[in-house]
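Reviewing the structure listed below.
Protein chains: 2
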Amino acid sequence: MTATQTPEAAGRHLPVIENEAAAGRVILVCEHASNAIPARWGNLGLRAEERAAHIAWDPGALGLARGLAARLDATLIHAPVSRLVYDCNRAPDMAGAMPARSEVHEVPGNAAISAEERLARTQAVYLPWANGLHNLIAGRIAMGRRPVVITVHSFTPVYFGKPRAVEFGIIHDADPALALAIHAGAVAAGGLDARINAPYSAADDVTHTLRLHATPYGLANAMLELRNDLIATPEAEAAMAERLAPLLARAVAQVAAIGAGG
Amino acid sequence: MTATQTPEAAGRHLPVIENEAAAGRVILVCEHASNAIPARWGNLGLRAEERAAHIAWDPGALGLARGLAARLDATLIHAPVSRLVYDCNRAPDMAGAMPARSEVHEVPGNAAISAEERLARTQAVYLPWANGLHNLIAGRIAMGRRPVVITVHSFTPVYFGKPRAVEFGIIHDADPALALAIHAGAVAAGGLDARINAPYSAADDVTHTLRLHATPYGLANAMLELRNDLIATPEAEAAMAERLAPLLARAVAQVAAIGAGG
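Residue numbers (the numbering used here), protein chains in the order written: chain A, 1 to 262; chain B, 1 to 262.
In structure tokens:
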């Protein structure tokens with residue numbers, strides 16, 4: 001692991017990049033890696049157990065992404081701030097960018113955000129993240145190494161009181177090629193309830209990163225969602241990475257072979 | 001005019017922003033405003049008359065854009081470096097980003113660009129431009145002021161020896177609403193040979209800015225192309241701005257009224 005940028009510079013929270021010199025094509029992206037709330041935002045009015053829960057981050061996603069990065073020789077980029085301060089997978093005018101409510105939890109510190117505060121969070125968290133990711137992607141393209149963009153997320157097994165059966169969701173935006181290839185591989189491999197566009201889809205505004213960073217450059221891309229009870233320990237994260245890495249490698253090779261996103 | 005950023009910081013060529021405090025919705029974008037070649041790139045092997053020609057920039061586009069900015073109370077952002085060093089309306093792997101040939105002119109300094117040099121130009125010119133434009137657009141969105149993005153270009157009246165009859169081209173990418181409204185207004189007003197998707201279209205890779213900065217946020221957008229013999233003097237630029245500003249204002253209002261890009 002090499003953190004190539006300082007986590008905070010002049011009040012801006014820069015993305016953390018690991019394995020930047022990786023030789024592989026894949027860039028792994030983890031927008032909800034951290035539940036950290038920088039001091040200027042206090043605790044947003046939340047209790048400690050709420051700040052540790054899935055509303056604040058995607059538990060297990062960073063560990064899984066690190067396991068995948070090691071196995072795929074991929075670069076990993078992740079956001080250093082809780083999605084409750086700013087959800088880096090949302091545009092600044094989406095309700096979920098600074099949510100006043102997440103699932104069944106009120107977020108008091110987000111109940112009444114002024115335009116100036118929305119701008120301040122956008123400049124402190126979203127723009128350093130988005131421009132840092134853009135620098136990484138455009139730099140690879142300039143070097144003649146068009147990347148494949150895969151975002152790594154986790155979801156809660158019970159949502160609004162209802163259990164979710166899906167274990168592995170693969171979500172696409174405008175270009176479904178990579179997501180469909182990953183899904184087909186997961187179904188063929190068996191052992192996981194793998195579904196396309198579940199538990200969410202692009203219609204739920206969850207594909208902002210793909211739209212902003214992959215689609216404009218025609219890069220192959222997909223969003224992965226793992227049920228977080230399956231990646232609840234370091235051992236489980238590693239086991240899931242071991243299971244998914246070959247699926248992802250095959251799907252990336254297939255999409256490259258048919259010329260999409262190549 | 002207020003240039004809010006220094007033109008060069010640590011070898012990076014930042015965009016110039018004028019009228020940043022404008023109250024209007026429109027952000028005018030001029031990627032080909034300048035024919036300046038920073039010292040590190042010498043003269044790219046070109047004669048002075050080539051460096052002054054349309055291959056190096058869009059003559060008249062910046063003057064027209066300034067006239068439009070004043071009349072629409074719009075913010076203007078423009079690139080400070082010649083498109084022959086890096087064309088900010090192209091992705092880093094497009095042939096036109098650092099063209100070895102432009103129309104009938106060879107560009108010796110671009111004949112054999114290494115991957116490292118492509119990366120260096122991307123980091124020095126393209127990324128500061130693109131991230132600066134992103135900062136401007138996302139900041140407006142965060143403040144609840146979703147902008148309308150209009151790029152301003154000019155084209156040569158004779159291309160590969162062939163005269164062009166079109167005088168005013170309006171080009172769209174994925175969302176045609178604003179371009180169609182501008183075109184309809186121009187046809188109704190008369191006096192200019194106005195055409196949709198001429199003399200180029202998105203299929204010619206000329207809409208990178210729209211794809212990267214407007215489409216992901218669902219912002220209304222269009223690209224304007226004026227034949228440069230019609231904006232060849234300051235007086236002609238001002239007259240064209242006076243003619244086009246009301247057309248643009250009406251089209252923006254129409255698109256806002258039907259909800260597109262709003």
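Where a beta carbon is used, it is the ideal one built from N, C-alpha and C, also for glycine.
Next item on the list: With a threshold of 16 other CB atoms inside 10 Å of the CB of A/Arg47, please say whether the residue is buried or exposed.
Entry: exposed
Margin query: Would you say B/His172 lies against chain A (beta-carbon separation less than 9 Å)?
Written below: Output row for B/His172: interface = no.
Margin query: List, in chain order, every chain A residue whose beta-carbon is nearer than 7 Å to that of B/Asn135.
Written below: Leu127
Next item on the list: Would you decide whether A/Gly161 is buried or exposed? Buried here means 16 or more other CB atoms lie within 10 Å of its CB.
Entry: exposed
Margin query: Checking 9 Å against the spacing of the C-beta atoms, do A/Thr207 and B/Arg211 come in under that value?
Written below: no
Check: Quick one: what's B/His78 bridged to in DSSP?
Finding: B/Val16, B/Cys30
Check: Among B/Ser102, B/Glu31, B/Ile150, B/Leu84, which residue has its Cα nearest to the Cα of B/Pro38?
Finding: B/Leu84
Check: Which residues in chain A sit within 9 Å of B/Asp93, going by Cβ to Cβ distance?
Finding: Result: Ile141, Ala142, Gly144, Arg146, Tyr217.
Check: Should B/Arg47 be flagged as near chain A, meaning a C-beta pair shorter than 9 Å?
Finding: Chain A contact via Cβ: absent.
Margin query: Just list the residues that DSSP pairs A/Ile141 with in beta bridges.
Written below: Bridge partners of A/Ile141: none, in fact.
Margin query: Taking CB distances under 9 Å as the criterion, tell me whether A/Ala179 reaches chain B.
Written below: no
Check: So, does the CB of A/Asn110 fall closer than 9 Å to a CB anywhere in chain B?
Finding: no
Note to self: Please report the straight-line C-alpha distance between A/Val252 and B/Ile27, rounded to a whole angstrom.
What the structure shows: Roughly 38 Å separates the two Cα atoms.
Next item on the list: Count the other C-beta atoms from every protein chain shown that fall within 10 angstroms of the C-beta of B/Tyr159, then say buried if there are 16 or more, exposed otherwise.
Entry: exposed
Notebook entry, point to check: Which one of A/Gly139, A/Thr209, A/Val187 has the shortest CA to CA distance from A/Ile150?
Noted result: That would be A/Thr209, whose Cα lies nearest to the Cα of A/Ile150.
Checklist line | Extent of the continuous beta strand (DSSP E) run through B/His153 | finding: 148–155
Note to self: Using only CA atoms, which one of A/Trp129, A/Pro234, A/Arg118 lies nearest to B/Arg140?
What the structure shows: B/Arg140 has its Cα closest to that of A/Arg118, out of A/Trp129, A/Pro234, A/Arg118.
Check: Alpha carbon to alpha carbon, what distance is there between B/Ala74 and A/Pro92?
Finding: Distance between the alpha carbons of A/Pro92 and B/Ala74: 21 Å.
Check: According to DSSP, which residues form a beta bridge with B/Thr224?
Finding: Reading off the sequence, residue 224 of chain B comes out as Leu, not Thr. BP columns for B/Leu224 point to B/Val152, B/Ile170.
Item checked: Contact between the stretch 126–134 of chain B and the stretch 130–140 of chain A (3+ Cβ pairs under 8 Å) -> yes
Margin query: If we define contact as Cβ-Cβ less than 9 Å, is A/Thr122 a contact residue for chain B?
Written below: yes
Note to self: Quick check on B/Leu119 - is its C-beta less than 9 Å from some C-beta in chain A?
What the structure shows: So yes, B/Leu119 belongs to the interface.
Margin query: Any beta carbon from chain B within less than 9 Å of A/His32's own beta carbon?
Written below: no
Item checked: According to DSSP, residues forming a beta bridge with A/Tyr159 -> A/Lys162
Check: Where does A/Ala194 sit, in a helix, a strand or coil, going by DSSP?
Finding: strand
Checklist line | Within chain A, the residues that B/Asn221 reaches when beta carbons sit closer than 8 Å | finding: What B/Asn221 touches in chain A: nothing, since even the nearest Cβ is about 13 Å away.
Check: Alpha carbon to alpha carbon, what distance is there between B/His183 and A/Val148?
Finding: Looking at the two C-alpha atoms, the distance is approximately 38 Å.
Next item on the list: Consider the Cβ of B/His13: report whether some Cβ of chain A lies at a distance smaller than 9 Å.
Entry: no
Check: Can you tell me whether DSSP reads B/His105 as helix, strand or coil?
Finding: strand
Checklist line | Nearest candidate by alpha-carbon position, reference A/Asn110, set A/Ala56, A/Pro80, A/Arg66, A/Glu167 | finding: A/Ala56
Notebook entry, point to check: Considering B/Gly67, what are the terminal residues of the alpha helix (DSSP H) in which it resides?
Noted result: 61–72
Next item on the list: With DSSP collapsed to three states, give me the class of A/Tyr217.
Entry: helix
Notebook entry, point to check: Under 8 Å Cβ-Cβ, which residues of chain B neighbour A/Ala138?
Noted result: Ala91, Pro92, Thr122, Tyr126, Leu127, Ala130
Next item on the list: Could you spell out the range, first to last residue, of the alpha helix (DSSP H) harbouring A/Ala282?
Entry: Here chain A has residues from 1 to 262 only, and residue 282 of chain A is not among them.
Next item on the list: Using three-state DSSP, classify A/Tyr86 as helix, strand or coil.
Entry: In the structure shown, A/Tyr86 falls within a coil segment according to DSSP collapsed to helix, strand and coil.
Check: Which class does A/Asn35 belong to by DSSP, given the choice of helix, strand or coil?
Finding: coil
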